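Everything in the sequence shown is counted per numbering that gives the first Met the number 0, starting at 0 for the first residue and increasing by one.
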Amino acid sequence: MLLHVDLGERAYPIHIANDNLANASLFAALAGRKLCIVTNTTVAALYLEKLQAVLPQPADCVVVLPDGEQYKNMQGMEQIFDAALQARLNRSSVMIALGGGVVGDMTGFAAACYQRGIDFVQLPTTLLAQVDSSVGGKTGINHVLGKNMIGAFHQPIAVIIDTATLKTLPPRELSAGLAEVIKYGLIADADFFAWLEGNMDALRGLDGEALQHAVYRSCSIKAAIVARDEKEGGIRAILNLGHTFGHAIETWSGYGQWLHGEAVAVGMLMAVDLSVRMGWLPVDVLERSKALIARAGLPLQAPAGMTVAQFLEAMALDKKNIYGSIRLVLLEGLGSAVISDDYDVAQMHQVIAAWLPCE
Ligand code: NAD
Ligand code: GLY
Numbered sequence: 000m001l002l003h004v005d006l007g008e009r010a011y012p013i014h015i016a017n018d019n020l021a022n023a024s025l026f027a028a029l030a031g032r033k034l035c036i037v038t039n040t041t042v043a044a045l046y047l048e049k050l051q052a053v054l055p056q057p058a059d060c061v062v063v064l065p066d067g068e069q070y071k072n073m074q075g076m077e078q079i080f081d082a083a084l085q086a087r088l089n090r091s092s093v094m095i096a097l098g099g100g101v102v103g104d105m106t107g108f109a110a111a112c113y114q115r116g117i118d119f120v121q122l123p124t125t126l127l128a129q130v131d132s133s134v135g136g137k138t139g140i141n142h143v144l145g146k147n148m149i150g151a152f153h154q155p156i157a158v159i160i161d162t163a164t165l166k167t168l169p170p171r172e173l174s175a176g177l178a179e180v181i182k183y184g185l186i187a188d189a190d191f192f193a194w195l196e197g198n199m200d201a202l203r204g205l206d207g208e209a210l211q212h213a214v215y216r217s218c219s220i221k222a223a224i225v226a227r228d229e230k231e232g233g234i235r236a237i238l239n240l241g242h243t244f245g246h247a248i249e250t251w252s253g254y255g256q257w258l259h260g261e262a263v264a265v266g267m268l269m270a271v272d273l274s275v276r277m278g279w280l281p282v283d284v285l286e287r288s289k290a291l292i293a294r295a296g297l298p299l300q301a302p303a304g305m306t307v308a309q310f311l312e313a314m315a316l317d318k319k320n321i322y323g324s325i326r327l328v329l330l331e332g333l334g335s336a337v338i339s340d341d342y343d344v345a346q347m348h349q350v351i352a353a354w355l356p357c358e
């Protein structure tokens, strides 16, 4: 399967198949260029040899980062820059990100900075990275004062997705990726949402055809949105359905306790619930969302002990906000999202309270 992100001179293909890590033709265009693979300890043990075997020439450097969101920082970047300089990478060299969203975001940012910008390829190995972070060119690292606060828009020259890599992914990580897949149905495609209702068990059972379809449909929705609004001046923000509530959960619980997708799942329920209470959405969409999120193995409640005030405090820091009001992605129908601060604030508070566990 092949998609394109139509961004003029920065356009690139997204290749999706069950055996792309064995498809040498996808890497042939890299012949003659210096290559630097960036991965982490976990993914290197699983897929580094396979990737090295399919490249047109040996990589000039291989950077194996420690595994974890806590290493998505300046030290990790320095590790990449040190290796790149030691290997004398030049302006026509290419970095290859082999891993999940952490490796992809860091490699992309390193490629954006190294000698003021070199090419990079995304080879995402988590479901979240295959359906979201590898596409669209958001790259960056965390700062102690905020997640993803240091970064750049830098598009890859290709995204090569091998859905067979998902076979080794821990089930909890698969579920976290499914939250983003469900998001695409909610914001852009009611038929896809219904397809997910019919195929959730196949997806969790790692059925190859089902996974490829889910990745393909998710990437095509994201690619179309990114092509319209590369740098999130407007419509791209709908990709953040549930993320404003979800970030509050991640911030409160400490990064790593709740996976991003788990927090987004609860956040999406809050956004759908508020849309229902505003009269914009029929109540059955909330029931269907709840059922689908549960079947994806995702949580249905915010963490015990969190309060409405703590949500509001964290949500006030969201990048979408302007002039002090909290802007949210809400639904006007199943498959139709809007960015709005035109909701009833008291109802928003009630919604947060409704998804907190009873004491
Ligand atoms: P991750 O990169 O931490 O990967 C999750 C875990 O799975 C890690 O332990 C990793 O080593 C392991 N892993 C990866 N592939 C594997 C495989 N095939 N088999 C076994 N284990 C494997 O997490 P993630 O969920 O992929 O990405 C989260 C990151 O992505 C966050 O830093 C987030 O900010 C970022 N993100 C970026 C964007 C974007 O647009 N750039 C969008 C969403 C999220
Ligand atoms: N993950 C949201 C975006 O890429 O805009």
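A virtual CB, placed ideally from N, CA and C, is assigned to each residue, including glycine.
Treat the numbers as computed from the prediction; the structure is a model and nothing was measured.
Does the Cβ-Cβ distance between residue i and residue j come in under 7 Å?
i: residue 91; j: residue 9; result: no
i: residue 78; j: residue 62; result: yes
i: residue 328; j: residue 273; result: no
i: residue 263; j: residue 213; result: no
i: residue 95; j: residue 120; result: yes
i: residue 151; j: residue 111; result: yes
i: residue 71; j: residue 140; result: yes
i: residue 175; j: residue 67; result: no
i: residue 52; j: residue 36; result: no
i: residue 303; j: residue 356; result: yes
i: residue 288; j: residue 271; result: yes
i: residue 25; j: residue 159; result: yes
i: residue 128; j: residue 107; result: no
i: residue 54; j: residue 222; result: no
i: residue 211; j: residue 162; result: yes
Would you grab the beta carbon distance between residue i and residue j for me? Rounded to a whole angstrom, and I think it's under 8 Å.
i: residue 333; j: residue 185; result: 7 Å
i: residue 206; j: residue 156; result: Actually they do not touch by this definition, with Cβ atoms about 31 Å apart.
i: residue 190; j: residue 220; result: So it is not a contact: roughly 12 Å between Cβ atoms.
i: residue 269; j: residue 182; result: With a Cβ gap of about 13 Å, residue 269 and residue 182 do not count as contacting.
i: residue 390; j: residue 313; result: It is not possible to answer for residue 390, since the shown part of the chain is limited to 0 through 358.
i: residue 168; j: residue 122; result: Actually they do not touch by this definition, with Cβ atoms about 14 Å apart.
i: residue 301; j: residue 265; result: 5 Å
i: residue 60; j: residue 82; result: 4 Å
i: residue 238; j: residue 224; result: 6 Å
i: residue 352; j: residue 307; result: 5 Å
i: residue 291; j: residue 144; result: With a Cβ gap of about 35 Å, residue 291 and residue 144 do not count as contacting.
i: residue 76; j: residue 109; result: 6 Å
For the ligand NAD, I want to know if residue i counts as a neighbour, meaning its beta carbon is within less than 6 Å of at least one of the ligand's heavy atoms.
i: residue 137; result: yes
i: residue 128; result: yes
i: residue 172; result: yes
i: residue 225; result: no
i: residue 18; result: no
i: residue 147; result: yes
i: residue 162; result: no
i: residue 316; result: no
i: residue 168; result: yes
i: residue 180; result: no
i: residue 72; result: no
i: residue 39; result: yes
i: residue 204; result: no
i: residue 101; result: yes
i: residue 124; result: yes
i: residue 190; result: no
i: residue 5; result: no
i: residue 42; result: yes
i: residue 343; result: no
i: residue 66; result: yes
i: residue 104; result: yes
Pull the bridge partners of residue i from the DSSP assignment, please.
i: residue 220; result: DSSP output for residue 220 lists no bridge partner at all.
i: residue 335; result: 332
i: residue 3; result: 12
i: residue 152; result: 137
i: residue 62; result: 37
i: residue 119; result: 94
i: residue 157; result: 120
i: residue 24; result: In DSSP, residue 24 forms no bridge with anything.
i: residue 100; result: According to DSSP, residue 100 bridges with nothing at all.
i: residue 145; result: 142
Under 6 Å: does the beta carbon of residue i sit that close to some heavy atom of the ligand GLY?
i: residue 34; result: no
i: residue 228; result: no
i: residue 258; result: no
i: residue 185; result: no
i: residue 272; result: no
i: residue 371; result: The requested residue 371 is not part of the displayed model; the chain covers only 0 to 358.
i: residue 297; result: no
i: residue 235; result: yes
i: residue 238; result: yes
Should residue i be listed as close to the ligand ATP, given that the test is whether its C-beta is under 6 Å from any heavy atom?
i: residue 89; result: The ligand ATP is absent from the structure shown, which contains only the ligand NAD and the ligand GLY.
Looking at chain C, is there any beta carbon in it that lies within less than 7 Å of the beta carbon of residue i?
i: residue 168; result: You won't find chain C in this structure, because it holds only one protein chain.
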